[in-house]
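Sequence order for the protein chains is A and B. Residue numbers for the first sequence follow UniProt numbering, beginning at 1 and rising by one. Residue numbers for the second sequence follow UniProt numbering, beginning at 1 and rising by one. Please read the structure below before turning to the comments.
Number of protein chains: 2
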Amino acid sequence: MASTAPRATYRHGDLRQALVDAGFAMARESGPDAVVLREATRRAGVSPNAAYRHFADRTALVQAVSDAALGAVAEAIEEEWERIERAGDAAADAHAELEAVGVGYLRFARDEPGLFRAAFTVPRDLRSALSPDKAGPRGRTPFELLGIALDDLVAAGELPAERRPGAELLAWSAVHGLAMLALEGPLHDLDPELARQTGRRVIAMVDRGL
Amino acid sequence: MASTAPRATYRHGDLRQALVDAGFAMARESGPDAVVLREATRRAGVSPNAAYRHFADRTALVQAVSDAALGAVAEAIEEEWERIERAGDAAADAHAELEAVGVGYLRFARDEPGLFRAAFTVPRDLRSALSPDKAGPRGRTPFELLGIALDDLVAAGELPAERRPGAELLAWSAVHGLAMLALEGPLHDLDPELARQTGRRVIAMVDRGL
DNA sequence: GCGTCATGTGTACGCTGTCAACAATGACAC
DNA sequence: GTGTCATTGTTGACAGCGTACACATGACGC
């Protein structure tokens, strides 16, 4: 960090990114509400108003942080996805994919609660959630990965095709709800082991009930 | 409101309740973050620091508002519950109960998004969520109503008893997740009719998948 | 070399939550 | 009644926030 040493050059270089990084760090510790504009400029070694050259207002900064957080979610899910041990059985593989998406999602929520809330608690529309710049390293968004898993379920004959449309929303809702209840809702001090177990059960419920 | 006319008596009467009411109104319009302590005192016709005789700090006020909001949720669910047309068939009735809880929950989230977020987005533990002072007019909390519906499902032979423990969390997660995604998440501008339909499908998924 | 425009700084304002010291009230013991 | 005292209000102050406005700087195209 060059926050102590005063900048040599007048221009910062990439202030926008520096502000997003600082905001990201704050969100990581305490969620999106903890993203404070002035503090971000402080960490970037810049005067408060400099932020306004790159963001219309604080909410724009928070949006950018939220986008970055969504990318991190995608990464966590992709990680879980890569870990699948494929047995060659299309049906079993498809179920494993769906499970991987759910597990990755819940794991991220547990390990990075601040970022998770930054990713999903900030208003954004579906179009933005789907846009590829929020994808993980392998270039797929969380939503896309979920869609692939569901498509594979249909292909394997494990999910009636007429139930496929919109099924993302059902699966997403269930897992997201558990994450939110456990993070900032009434379940926030649920026993970790019980939480993990409940996570598995929610995923199983989705698998059965879709 | 006596906010314009200066108080005749030095004492307010029931300042605590007045502050909660004011906070409730603010939360109703824009969610829990919009609950601002000074504004509440203003509406109560009182100096800012008077609030500190009744609440340790702002978060304590928000907590009280959240409690009130939870009561409103209970009321909405009870309303839906009373509306069930019981056919005498225990199995059908139990399914109808579960559906009523889900529908009431989602209806409240849609009609009172600010209060909904105030109720569930503010950290509170399960014990507090269950405590009877947050119950609806008929004296039952949302969680209790959900539990009764699930018990009735077991009694009617529609849910294997070994799956009963913790089933609240599964059902709750699914419905809560949809509500959050639609309120402040990526689905926030989902077409209302599609949202309603998705709500029904989520409830159906829970019913099938529990 | 010079003008222009993006990007930074300085100062200021009103808002917030909260602290410390003080004042009015009303209930209760005598 | 009167004196005492805890309760509940008020006043004044402070730091931190987001942000508006005017100004400074310097990199780059001509």
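Just so you know, even glycine gets a beta-carbon here, dropped at the ideal spot from N, CA and C.
- In this structure Asp152/B is buried. Its beta-carbon is surrounded by 16 or more other beta-carbon atoms within 10 angstroms.
- Between the beta-carbon of Leu15/B and that of Val46/B there is about 6 Å, and that keeps the pair under the 8 Å contact cut.
- Only buried fits Thr198/A, as 16 or more other CB atoms lie within 10 angstroms of its CB.
- For Arg200/A, the closest of Ala74/A, His95/A and Ala25/A by C-alpha to C-alpha distance is His95/A.
- Within chain A, the residues whose beta carbon sits less than 7 Å from that of Ser173/B are Ala174, Gly177, Leu178, Leu181 and Val202, listed in sequence order.
- Using a CB distance cut-off of 7 Å, Leu126/A counts as an interface residue toward chain B.
- Under the Cβ criterion (8 Å, minimum of three pairs), the segment 81-91 of chain A does not count as touching the segment 57-70 of chain A.
- Residue contact check for Ala129/B against chain A: a CB pair falls below 7 Å.
- Between the alpha carbons of Leu169/B and Arg124/A lies a distance of about 27 Å.
- For Ala118/B, the CB contacts under 7 Å within the same chain, skipping 5 residues up- and downstream, are Ala27, Gly31, Pro32, Val65, Ser66 and Ala69 in chain order.
- For Pro113/B, the uninterrupted alpha helix (DSSP H) run begins and ends at Pro113 to Phe120, by DSSP.
- Shown here, Gly185/A sits in coil according to DSSP, grouped into three states, outside any helix or strand.
- In the structure shown, Arg86/B adopts coil according to DSSP, grouped into three states.
- DSSP, reduced to helix, strand and coil, places Ser131/A outside both helices and strands of the structure shown, so it counts as coil.
- Not a single C-beta of chain B is nearer than 7 Å to the C-beta of Leu150/A.
- In terms of Cβ geometry, Phe120/A and Gly166/B do not form a close pair [threshold 7 Å].
- By the rule that beta-carbons nearer than 7 Å mark a contact, Gly31/A does not touch chain B.
- By the neighbour-count criterion, in which 16 or more other beta carbons inside 10 Å mark a residue as buried, Glu162/A falls on the exposed side.
- Excluding five sequence positions before and after Gln63/B, the CB atoms of its chain that fall closer than 8 Å to its own CB belong to Val122 and Arg124, given in chain order.
- At a cut-off of 7 Å between beta-carbon atoms, Glu144/B makes no contact with chain A.
- Around the Cβ of Thr141/B, a 10 Å sphere holds 16 or more other Cβ atoms; the residue is buried.
- For Asp111/B and Ala174/B, the gap between their C-alpha atoms comes out near 19 Å.
- Under a criterion of Cβ atoms nearer than 7 Å, no residue of chain A is adjacent to Pro165/B; the nearest Cβ is some 10 Å distant.
- Taking CB atoms only, Phe120/B has a neighbour in chain A less than 7 Å away.
- Residue contact check for Gly45/A against chain B: no CB pair falls below 7 Å.
- In this structure, Ala149/B is the residue among Ala135/B, Pro48/B, Ala51/B and Ala149/B with its C-alpha nearest to the C-alpha of Asp93/B.
- In the three-state reduction of the DSSP assignment, Arg28/B falls in the helix class, which pools H, G and I.
- Neighbours of Glu184/A in chain B, taken as residues at a C-beta separation under 7 Å, are given in chain order as Thr121 and Pro123.
- Residue-level contact by beta carbon fails for Asp57/B and chain A, as no gap is shorter than 7 Å.
- Around Asp189/B, the same chain offers no residue with a beta carbon nearer than 6 Å, after the five sequence neighbours per side are excluded.
- Within 10 angstroms of the beta-carbon of Glu193/B lie fewer than 16 other beta-carbons, which makes it exposed.
- Annotation: Ala25/A to Val73/A spans about 15 Å, alpha carbon to alpha carbon.
- CA-CA distance, Glu158/B to Leu98/B, rounds to 12 Å.
- Shown here, Pro142/A sits in a helix according to DSSP, grouped into three states.
- In the three-state reduction of the DSSP assignment, Thr9/A falls in the coil class, being assigned neither a helical nor a strand state.
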